[in-house]
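Numbering (our numbering), first residue to last: 1 to 432. Where a beta carbon is used, it is the ideal one built from N, C-alpha and C, also for glycine. Report on the following structure.
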């Protein structure tokens, strides 16, 4: 049985044209031109997919959409809006719409989006996302679930190392189009003359997913071609397959628009569906769990016994800023996995550069002030003991801090600590 599609558009001629195009594509398509008529048709015939104009004048399209989703949760809603009303599209997606289209709507694009909606599971069913991807997403999990099966252009924002490319690859691999080509382009390296140069031959022939990394680095001329591409998600040829566009941006798109590097009209066409990945410094409460999960995965992959992070080691990791975000955390944890043979990784076994950064954080924070060295030292040691530091960790802290304060001179540090330089050399060799 063919899928039932209801087109709701107040423009009778446009509704009829879309209905005919869908019927020609094999759908059981019918239309309505008002909210009351649409409600009546839904009650009598139902629908697998509803293409809903958000700018209806005779009723509230959002109320109609909420009613359809509430009464028929298996029905997918494809929101249709005007080019200047992307906020409504974003609201519709947040409220449960499966995908969106921007007028004027190309019939080929309409058919592709409706086919995708008809074939996918209900948008209200929670999609199970792997733990590794959940760790990258953090608070952006809900937005990613909404974006998973859509064909609408998507913008993924986040600092370097937050996992934008990883999320883009997952969205393709978990979609119904996973068997189609996936092409990721570094726009900083792109010197082609048109949109076709961004796509591989397989992508142009079969469709799939195109990821543009930092599209603000493209020339404004090429960005204008990308803008036209966004409308149809094809390169303009009549037989060109549908390509989903994902833009990954390390720079704020609003900032790129303000400084003239990113076309404002292109930004507004991309802004309805956005995923923002937070930097680790804004997810400090999650760092310990993230580090532990990464460590477990690394040791299992290497066939080693599972290692755990001690409480004091986790506290060290939580206090750092992690400018490289998840990429840096994974690199550090990988280093720990390779170099540490103990089943429990304590703070004194962490890489030296990580501990040095931690000491710098302590020296700049509230634990150490300029009012009385003896009191400061007592305060710092007491705080570290409360955090679970053991004697070995405190010893390393004292030694490396003293070396740092003496400009890296081990003989001077040894004199201040009243030990021989050879003692410090042996300790440093053991720690590294």
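Assuming contact is defined by CB atoms lying nearer than 9 angstroms, are residue i and residue j in contact in what I supplied?
i: residue 211; j: residue 165; result: yes
i: residue 277; j: residue 138; result: yes
i: residue 451; j: residue 157; result: No statement about residue 451 is possible, as the shown extent of the chain runs from 1 to 432 and does not include it.
i: residue 417; j: residue 424; result: yes
i: residue 135; j: residue 349; result: no
i: residue 71; j: residue 93; result: no
i: residue 68; j: residue 47; result: yes
i: residue 153; j: residue 187; result: no
i: residue 146; j: residue 242; result: no
i: residue 8; j: residue 53; result: yes
i: residue 22; j: residue 5; result: yes
i: residue 440; j: residue 292; result: There is simply no residue 440 to check, as the chain begins at 1 and stops at 432 in what is shown.
i: residue 312; j: residue 389; result: yes
i: residue 120; j: residue 76; result: yes
i: residue 132; j: residue 171; result: no
i: residue 433; j: residue 51; result: In the structure as shown, the chain starts at 1 and stops at 432, and residue 433 therefore has no counterpart that could be examined.
i: residue 346; j: residue 393; result: yes
i: residue 175; j: residue 204; result: no
i: residue 163; j: residue 327; result: yes
i: residue 220; j: residue 263; result: yes
i: residue 32; j: residue 38; result: yes
Exposed or buried, what is residue i when buried is set at 16 or more other beta-carbons lying within 10 Å of its beta-carbon?
i: residue 115; result: buried
i: residue 385; result: exposed
i: residue 325; result: buried
i: residue 329; result: buried
i: residue 223; result: buried
i: residue 2; result: exposed
i: residue 65; result: buried
i: residue 18; result: buried
i: residue 391; result: exposed
i: residue 369; result: In this predicted model, residue 369 has a pLDDT of only 36, less than 50, meaning its place in the structure is not dependable; the value taken from the coordinates is given anyway. Burial call: exposed.
i: residue 181; result: buried
i: residue 269; result: buried
i: residue 343; result: exposed
i: residue 413; result: buried
i: residue 12; result: exposed
i: residue 228; result: exposed
i: residue 63; result: exposed
i: residue 352; result: exposed
i: residue 160; result: exposed
i: residue 422; result: exposed
i: residue 45; result: exposed
i: residue 332; result: buried
Over what stretch of residues does the alpha helix (DSSP H) that includes residue i continue unbroken?
i: residue 160; result: First-last for residue 160: undefined, no H or E at that position.
i: residue 149; result: Taken as a continuous stretch (DSSP letters only), residue 149 belongs to no alpha helix (DSSP H), as it is neither H nor E.
i: residue 89; result: 86–94
i: residue 350; result: Here residue 350 belongs to no alpha helix (DSSP H), and DSSP marks it neither H nor E.
i: residue 214; result: From DSSP, residue 214 is part of no alpha helix (DSSP H); its letter is neither H nor E.
i: residue 206; result: 201–206
i: residue 103; result: From DSSP, residue 103 is part of no alpha helix (DSSP H) but of the beta strand (DSSP E) over 99–103.
i: residue 189; result: Residue 189 -> no alpha helix (DSSP H), and no H or E assigned at all.
i: residue 257; result: 253–258
i: residue 63; result: 61–71
i: residue 336; result: 325–339
i: residue 16; result: 12–24
i: residue 245; result: Unbroken run through residue 245 is the beta strand (DSSP E), 243–249; no alpha helix (DSSP H).
With residue i and residue j assumed to form a contact (beta carbons below 8 angstroms), what rounded beta-carbon distance in angstroms separates them?
i: residue 118; j: residue 49; result: 5 angstroms
i: residue 322; j: residue 280; result: 4 angstroms
i: residue 56; j: residue 10; result: 5 angstroms
i: residue 315; j: residue 355; result: Contact doesn't hold; Cβ gap of about 12 angstroms is too wide.
i: residue 235; j: residue 196; result: 6 angstroms
i: residue 246; j: residue 168; result: 5 angstroms
i: residue 189; j: residue 253; result: Wrong, their Cβ atoms sit about 20 angstroms apart, outside the cutoff.
i: residue 359; j: residue 401; result: 5 angstroms
i: residue 148; j: residue 99; result: Actually they do not touch by this definition, with Cβ atoms about 11 angstroms apart.
i: residue 185; j: residue 213; result: 6 angstroms
i: residue 272; j: residue 89; result: 4 angstroms
i: residue 275; j: residue 140; result: 5 angstroms
i: residue 106; j: residue 231; result: 7 angstroms
Where do the N-terminal and C-terminal ends of the beta strand (DSSP E) with residue i fall, by residue?
i: residue 182; result: 182–186
i: residue 6; result: 4–8
i: residue 399; result: Residue 399 -> not in any beta strand (DSSP E); alpha helix (DSSP H) instead, spanning 391–405.
i: residue 136; result: Per DSSP, residue 136 belongs to no beta strand (DSSP E); it is in the alpha helix (DSSP H), 131–137.
i: residue 52; result: 49–53
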